[in-house]
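J.: Sharing a structure with you now.
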Amino acid sequence: MSDKVKVTAMAGDGIGPEVMGVTKRILAAAGANIEWEDAEAGARVFKRGIATGVPPETLDSIARTGLALKGPLETPVGYGEKSANVTLRKYFELYGNIRPVRELPGIKTPFSGRGIDMVIVRENVEDLYAGIEYMQTAGVAECLKIITEPGSERILRLAFALTRAEGRKSLACSTKANIMKITEGLMKRVFERISPEYSDITPSHLIIDNCAHQLVIAPEQFDVIVCTNMNGDIISDLAAGLVGGLGVAPSSNLGDHAAMFEAVHGSAPQIAGKNLANPTAFLLSAVMLLRHIGDFKAAEIIEQAIYVTLEERKNLTGDIAPKGTGVGTDAYEHQIIANFGRDSSMASRQYAPLKLPEWPRVTWHHEPKTREFVGVDLFIESALSPGALGESLLQLTANSAFRLGSIANRGAQVWPVSAAETYVVDHFVCRFMVEKAGVDENTAITDLITRVGGTHRWMHVEKLQRFDGKDGFAKSAGES
Ligand code: NAP
């Protein structure tokens, strides 16, 4: 039986097959202990009528190997088709997106010489990317931002573990907790709760907009940054731009049962099949794969050979070569192999194996000590003015279990008082507070909907609860 590590290889679309071919040959030349299982995903699979872009045999292969190297997959432009990338991330719960951002020798940017060397850790499955979206009225759209305590704790513990494995010293958690106190604030609270367990790592918190600013002003200050999904999506691309852009940016997507490695760039269809693709980002992703499986030796041989090649600026692909000296993908490949065994001026970091946090596979539930039902937010579509709507709701709910407390429009209070300039649309969040403690909530809510629904169109009901004595809901702007 082979003692090689099996890895699923998805070449993908566009330049994918070219960069995959280069990478397989370079890994073999470096003596990497890998046996590839080739599998399909992307455009050709969509054309076969498989709506997810990933056929069952590919999912089976990754489930078996637990490891995948993936080329870029084209996302079909059209209504209702899924992204094959998102399918893979969700199917294997690849919750941790790791994006190293390191200045590369020979790649000149406005930030060259600053010593940028950081990792961005992005939560990869929750947040606005959970895809829970609705048209609430014909012209008002809603997307739910789902942040969970275990989802936050898991990515934070992964970020702490990675900080240690890479011999780094500090971890910055960056959130928008000043505005989204409940959702983004949850990640910040979990960060503050668990960081004392990692006394060898200096924790800090900064607001995400300041983080973007700091990344441009003084990027060398960062070691590891951890974020919720959307913030991480944006700042990881920003950070990649500091060191040469998406063409040289590798990444990994880690989960408890599978890990997938991919370049950040897409399929670059304009240059596909022309021997023009730059395989650096894909190769660096394969280097991450090698470290993940513990093949530190092959990883360093390849990484140093890439660094030497970039540093000497000889036989580079057109996108990064000095003007007029660009060569084909194949010549760049040969140059890297020719540089095996040489050390660049930039040493490779010393890595220890990364140990992912252990996470039990059971439905997570946290039962609070106390839970109090205090009211309901009823979302109503109406063309009335706030004053007329308030008047109508007061009449409809007279002598009910609730008292109309406030009405908000796009998060700003418009009833009983409103800021003069608030622009109003046909989407109102009407806050009803429980009048008497101890009401039966199901009966009270059903009665409220029956009373209001006879006159107004409603589309969403949100319970207002207090957990362990704390409000589990935000106030609207202007609400007291
Ligand atoms: P892209 O494929 O990254 O290409 C944008 C441009 O960047 C290319 O036209 C090319 O510029 C340059 N480029 C990117 N990678 C390169 C490489 N390795 N070597 C040399 N040049 C490179 O972005 P896109 O055009 O927005 O997306 C194309 C398709 O890829 C879409 O279907 C998209 O959905 C998909 N995509 C997939 C992934 C993924 O699988 N993770 C990620 C992003 C996009 P020049 O033409 O100027 O040479």
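For the sequence shown, the working numbering begins at 6 and goes up steadily by one.
Every residue, glycine too, gets a C-beta built ideally from N, C-alpha and C.
#1: Does residue 84 pass the burial test, meaning 16 or more other C-beta atoms within 10 Å, or should it be called exposed?
#2: Mind checking which residues open and close the beta strand (DSSP E) that includes residue 139?
#3: What alpha helix (DSSP H) runs, 4 residues minimum, are completely inside the stretch 329-413?
#4: Since residue 379 and residue 439 should fall inside the 8 Å C-beta cutoff, what is the C-beta to C-beta distance between them, to a whole number of angstroms?
#5: Any heavy atom of the ligand NAP closer than 7 Å to the CB of residue 324?
#6: Could you give the first and the last residue of the continuous alpha helix (DSSP H) run that contains residue 159?
#7: Please determine whether the Cβ atom of residue 80 lies at a distance below 7 Å from any heavy atom of the ligand NAP.
#8: Which complete beta strand (DSSP E) runs does the stretch 162-249 hold, if anything under 3 residues is left out?
#9: Kindly indicate the opening and closing residues of the alpha helix (DSSP H) around residue 21.
#10: On the DSSP bridge assignment, give the partners of residue 75 in chain order.
#11: Which class does residue 104 belong to by DSSP, given the choice of helix, strand or coil?
#12: Determine the DSSP secondary structure at residue 287, reduced to helix, strand or coil.
#13: Tell me the rounded alpha-carbon separation between residue 124 and residue 420.
#14: Does any heavy atom of the ligand NAP sit closer than 7 Å to the C-beta of residue 252?
#15: How far does the alpha helix (DSSP H) with residue 275 in it reach, from first residue to last?
#16: Taking the C-alpha atoms as reference points, what is the distance between residue 303 and residue 290?
#17: Considering residue 452, what are the terminal residues of the alpha helix (DSSP H) in which it resides?
#18: Determine which residues share a DSSP beta bridge with residue 322 and list them.
#19: Report yes if the CB atom of residue 127 is closer than 8 Å to the CB atom of residue 209, and no otherwise.
#20: Would you check if the stretch 317-334 and the stretch 356-364 touch, i.e. whether three or more CB-CB distances between them fall below 8 Å?
#21: Quick one: residues in its chain with C-beta nearer than 8 Å to the C-beta of residue 219, no 5 flanking neighbours on either side, listed in chain order?
#22: Taking residue 203 as the reference, which of 170, 223, 222 has the closest Cα?
#23: Do you know whose CA, among 394, 354, 459, 372, lies nearest residue 430's CA?
#24: Looking only at C-alpha atoms, which of 139, 253, 224 sits nearest to residue 177?
#25: Going straight from the alpha carbon of residue 24 to that of residue 373, what length do you get?
#26: Across which residues does DSSP place residue 258 in a beta bridge pair?
#27: So residue 92 and residue 58 are supposed to be a Cβ contact under 8 Å. How far apart are they, rounded?
#28: Is the number of C-beta pairs between the stretch 13-21 and the stretch 276-292 that are closer than 8 Å three or more?
#29: I'd like the span of the alpha helix (DSSP H) that includes residue 417, first residue to last.
#30: Classify residue 424 as helix, strand or coil using the three-state DSSP reduction.
#31: Could you tell me the alpha carbon to alpha carbon distance between residue 200 and residue 214, rounded to whole angstroms?
#32: Write down the C-beta distance between residue 453 and residue 263 rounded to the nearest angstrom, noting that I regard them as a contact closer than 8 Å.
#33: Can you find a heavy atom of the ligand NAP that lies under 7 Å from the Cβ of residue 391?
#34: Is the stretch 108-118 touching the stretch 300-319, taking contact as three or more C-beta pairs under 8 Å?
#35: Would you identify the three-state DSSP class for residue 292, choosing helix, strand or coil?
T.: With the structure as the only source:
#1: Any answer about residue 84 is weak, because its pLDDT of 46 lies below 50 and its placement is not dependable; what the coordinates show is given next. Burial call: exposed.
#2: 138-142
#3: 334-343, 391-401
#4: 6 Å
#5: yes
#6: 154-170
#7: yes
#8: 175-180, 207-212, 229-232
#9: Run containing residue 21: 21-34, per the alpha helix (DSSP H) assignment.
#10: 15, 267
#11: strand
#12: In this structure, residue 287 counts as helix in the three-state DSSP scheme.
#13: 47 Å
#14: True, at least one ligand heavy atom lies under 7 Å from that Cβ.
#15: Note, residue 275: premise wrong, no alpha helix (DSSP H); not H, not E.
#16: 13 Å
#17: 446-458
#18: 332, per the DSSP bridge assignment.
#19: no
#20: no
#21: 211, 226, 227
#22: 170
#23: 394
#24: 224
#25: Using only the alpha carbons, I get a separation of about 51 Å.
#26: 102, 265
#27: 6 Å
#28: yes
#29: No alpha helix (DSSP H) holds residue 417; the beta strand (DSSP E) holding it covers 417-420.
#30: coil
#31: 22 Å
#32: About 46 Å; that fails the 8 Å criterion.
#33: No, the beta carbon of residue 391 sits no closer than 7 Å to any heavy atom of the ligand NAP.
#34: Judged by Cβ distances under 8 Å, the stretch 108-118 makes contact with the stretch 300-319, as three or more pairs qualify.
#35: Reduced to three states, the DSSP call for residue 292 is helix.
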